[in-house]
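Chains as they are written, first to last, in the numbering used here: chain A, 8 to 175; chain B, 543 to 945. The C-beta atom is built at its ideal place from N, Cα and C for all residues, glycine as well. Everything below concerns the one structure shown next.
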Amino acid sequence: MKKFAWLTLAFAVLASASVGSATIDNLREFGRGSWNEILRSHTGKPTIVHIWGVTCGPCRTEMPQWGAFLRERPDVSLVLIDADLVPNERGAVAAMLDEAGLGSAENWTFADAFVEPLRYAIDPQWRGEIPRTVLIARAGAATVMEGVADFDEIRRWLNAQQPESRGN
Amino acid sequence: MSKTILLSACAVLLSSLLATAQMSHQHGAKPACEGTTLACATKVTPTFAPDGTLWLAWDAGGFVSVARSTDFGHTFSPAVLVNALPLALDWGPDARPAIALDRQGRIAVAFAVFKDKEFNGQVFYTHSEDGGQTFARPAPITADAESQRFQVVAFDPDGSLFAAWLDKRNRAPARTRGEKYPGAALAFTWSTDHGATLSDTRLAQDNTCECCRIGVAFAGPGRPIVLFRNIFDGSIRDHAITTFVNPTTPGPIYRVSVDDWRIEACPHHGPSLAVAPNGDYHVTWFTSGSARKGLFYAHSSDGGRTFSSPMSIGNLDRAPEHPSVLAVANTLWLTWKEFDGTKTTVQLMASHDGGKTWSPPKAVAETSDYSDHPLLITNGARAFLSWQTLREGFRLIPLEEFS
Chain A
8 MKKFAWLTLA FAVLASASVG SATIDNLREF GRGSWNEILR SHTGKPTIVH
58 IWGVTCGPCR TEMPQWGAFL RERPDVSLVL IDADLVPNER GAVAAMLDEA
108 GLGSAENWTF ADAFVEPLRY AIDPQWRGEI PRTVLIARAG AATVMEGVAD
158 FDEIRRWLNA QQPESRGN
Chain B
543 MSKTILLSAC AVLLSSLLAT AQMSHQHGAK PACEGTTLAC ATKVTPTFAP
593 DGTLWLAWDA GGFVSVARST DFGHTFSPAV LVNALPLALD WGPDARPAIA
643 LDRQGRIAVA FAVFKDKEFN GQVFYTHSED GGQTFARPAP ITADAESQRF
693 QVVAFDPDGS LFAAWLDKRN RAPARTRGEK YPGAALAFTW STDHGATLSD
743 TRLAQDNTCE CCRIGVAFAG PGRPIVLFRN IFDGSIRDHA ITTFVNPTTP
793 GPIYRVSVDD WRIEACPHHG PSLAVAPNGD YHVTWFTSGS ARKGLFYAHS
843 SDGGRTFSSP MSIGNLDRAP EHPSVLAVAN TLWLTWKEFD GTKTTVQLMA
893 SHDGGKTWSP PKAVAETSDY SDHPLLITNG ARAFLSWQTL REGFRLIPLE
943 EFS
């Protein structure tokens, strides 16, 4: 009986490790220059950047809602940046992303103890409070939403973005 | 038999602590080096002994170390390790070891360790009666097993030791009742035998914010003043202050400022408190409330009952953070960190009229990598900035030329 419990535990650990591995592998290190890279790679597309962290209570509640939002709008250009105020552990970040159904999204994690330049690049006024959402319009104009996101407002914003001109 | 069980229980506990200590290597701010020396420390707590000697307590490589300097930080005595085995020391962004000395050179040190992955902590206390050559074996600061962090130790003007910390002991009974217990209680204890033994723990206030350092000063013997981020109704994490009526009776809790910061998360950004020779309280803090955002300063001439309207500090476009305030004779000092896009600077302002007007901010130190909080200390006559940075190591900068 005891042996069985051990085996179950071992399998559970193995299973959770294998689920998380793809997400960990795709989790990109956010360092100096990463913000510009994100902006460049999404140029011309309305983009939603959501900043979160594993130890942030409201983020724990909010992340599954982001997962649901991504299922509702799979076409949306969504970037998730883990930027906890405590140092970020890749395993825990990946596990929480998987749990929220966000493992396949574009995921980044802060990867430098000198966090000031990372925050400054995103917003010179930002001292690291999370959750935080930045809506970047096609032409680059950014709108900041502090705290837990209002998804109705995000939908309105998305719908208000000019469709890409199709050319002629 | 029971001894064997106890020993193996200790071994299990020890190996889990060691494992956590190793894990914490990847978690904490990356140190400059892997050892236990001052150069490898990411958090350094300074204090001046009444005899003018500078003392530092720091955590590095899983150990809390203590050393003294008689030449204002140019050279240090060989460091003494306070704990015998490496521990998973609390690497929370606002946590640091605490150290205080009395007039006879007795030393009190308190530090926290992480017990698990949920950031539950345990505060240990130790003291030295031989001028820091040896320390007693660190012992839990309280018998309660739930969680303690953000400890502070300070000797009052009569030489009694006051210790305060954030304590989650009331969380478990709340859970049993099916209730949530937000935050942590502000707990305290005293030692009336020069730090050798501590009295039973008492609670000053339930449901304070659980992740910010607290500010401690004295209104007189047996009368600590504690400044802390409280949780007001509706999850509003604004600052509150209490002045003890006597050693065991906290006074009324006054709100320092209605910033209206509704947040159900950890700001990791605690306040700082100083008392001027005329008894005025001077406080500085960070908020991101709906009423105001940024760093602020205010003063009180009525024992914390009312405060001046909050004065904004620093350049908002340079993310000012981690403010510290100090009163030395008739001069007040305020310091904080800013980031200009390439480097972090420590900004400084002085006031000679009790905080009514301040000199323009001036950068007094800079670095371009990870840095600890800038801290202000005094030897009674002069003001100093203490700053540990990854690149430059420890610096103690006298401030009189900037006044």
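Note down, in chain order, every chain A residue with its Cβ under 8 Å from the Cβ of B/K572.
A120
Cβ of B/C808 within 8 Å of Cβ of A/T68?
Contact flag unset, no.
Straight-line CA distance for B/G603 to A/S111?
37 Å
Against chain A, which members of the stretch 575 to 598 of chain B pass a CB distance test of less than 9 Å?
T584
Out of curiosity, what's the CA-to-CA distance linking B/K904 and B/D658?
Near 42 Å, if we compare the C-alpha coordinates of B/D658 and B/K904.
Separation of B/G821 from B/E942, as counted between CA atoms:
Taking C-alpha positions only, B/E942 is separated from B/G821 by approximately 22 Å.
Could you tell me whether the stretch 666 to 676 of chain B touches the stretch 710 to 722 of chain B, where touching means 3 or more Cβ pairs closer than 8 Å?
no
According to DSSP, is A/S28 part of a helix, a strand, or is it coil?
helix
Which same chain residues end up closer than 8 Å to B/S851 when comparing Cβ atoms and leaving out the 5 residues on each side of it in sequence?
A840
Select from B/I683, B/L815, B/F730, B/C582 the residue whose C-alpha is nearest the C-alpha of B/A621.
B/C582
Using a Cβ-Cβ cut-off of 8 Å, state whether A/E160 counts as contacting chain B.
no
Give me the Cβ distance between B/V606 and B/F653, rounded to the nearest whole Å; I'm assuming they're in contact under 8 Å.
5 Å
When Cβ atoms are compared, which residues of the stretch 842 to 859 of chain B fall closer than 7 Å to chain A?
L858, D859
Can you check the stretch 829 to 910 of chain B for any beta strand (DSSP E) of at least 3 residues that lies completely inside it and give the ranges in chain order?
835 to 842, 853 to 855, 863 to 870, 873 to 881, 886 to 893, 904 to 909
Using CA coordinates, which residue listed in B/A630, B/P862, B/D844 is at the minimum distance from B/F656?
B/A630
Which residues of the stretch 130 to 146 of chain A have a Cβ closer than 9 Å to any Cβ of chain B? Give them in chain order.
Taking 9 Å as the Cβ-Cβ cut-off, the stretch 130 to 146 of chain A approaches chain B at D130, P131, Q132, W133, R134, G135, E136, I137, P138, given in chain order.
The stretch 80 to 105 of chain A: which residues have C-beta closer than 7 Å to a C-beta of chain B, in chain order?
Those would be L92, V93, P94, E96, in chain order.
Measure the CB-CB distance between B/V624 and B/T668 and report whether it falls below 8 Å.
The criterion of a C-beta distance shorter than 8 Å is satisfied by B/V624 and B/T668.
B/D914 and B/W929: beta carbons closer than 8 Å?
yes
Give the residues of chain B in contact with A/G64, contact being defined as C-beta atoms less than 7 Å apart.
E806, A807
If you draw a straight line from the C-alpha of B/R924 to the C-alpha of B/P635, how long is it?
Cα to Cα, B/R924 sits roughly 28 Å from B/P635.
Using the three-state DSSP reduction, which class does B/I795 fall into: helix, strand or coil?
coil
State the start and end residues of the unbroken alpha helix (DSSP H) segment that holds A/T68.
64 to 79
Counting only beta-carbon separations shorter than 8 Å, does A/E36 have a partner in chain B?
no
Could you check if A/L142 is buried or exposed, using at least 16 other CB atoms within 10 Å of its CB as the buried criterion?
buried
Alpha carbon to alpha carbon, what distance is there between B/P680 and B/I547?
Reliability of the predicted coordinates at B/I547 is poor, the pLDDT of 41 falling under 50, and the value obtained from them is presented with this limitation in mind. Cα-Cα distance, rounded: 22 Å.
Neighbourhood of B/C753 by C-beta, 6 Å cutoff - its chain only, sequence neighbours within 5 removed
C808, H810
By how many angstroms is the C-alpha of A/G98 removed from the C-alpha of B/W878?
34 Å
Roughly how many angstroms lie between the CA atoms of A/G74 and A/A128, to the nearest whole one?
26 Å
In three-state terms, what does DSSP make of B/I919?
Looking at B/I919 - three-state DSSP - the assignment turns out to be strand.
Closest by C-alpha distance to A/D89, when choosing among A/P53, A/A148, A/G38
A/G38
Please confirm whether A/R126 has its beta-carbon closer than 8 Å to some beta-carbon of chain B.
Residue contact check for A/R126 against chain B: a CB pair falls below 8 Å.
If we cut at 8 Å on Cβ distances, does B/Q568 have a partner in chain A?
Note that B/Q568 scores 40 on pLDDT, short of 50, meaning its location in the model is unreliable and no value can be drawn from it.
Under 8 Å by beta carbon: chain A residues contacting B/A861:
E123, R126, Y127, P131, Q132, W133, R134
Decide yes or no for the touch test of the stretch 783 to 803 of chain B against the stretch 106 to 120 of chain A: beta carbon pairs closer than 8 Å, at least 3 of them.
no
Is it true that the CB of A/L109 sits closer than 8 Å to the CB of A/M152?
no
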